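In UniProt numbering, the protein residues as written are 1 to 33.
Spelled out as structure tokens, the structure:
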């Protein structure tokens, strides 16, 4: 399966953004405990 570099970059940007949001949510959860 071949994925263009541009498409792969889009996927990585979305993934890293979601992961960063997830980390912030986890951090907030621990802060509130």
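Glycine included, each C-beta is placed from N, C-alpha and C at the ideal position.
On a predicted model such as this, the values are computed, not experimentally measured, just so you know.
For residue 24, the enclosing alpha helix (DSSP H) covers residues 5-32. Pairing residue 24 with residue 7, the inter-Cα distance amounts to about 26 Å. Rounded to the nearest whole angstrom, the C-alpha separation of residue 21 and residue 27 is 10 Å.
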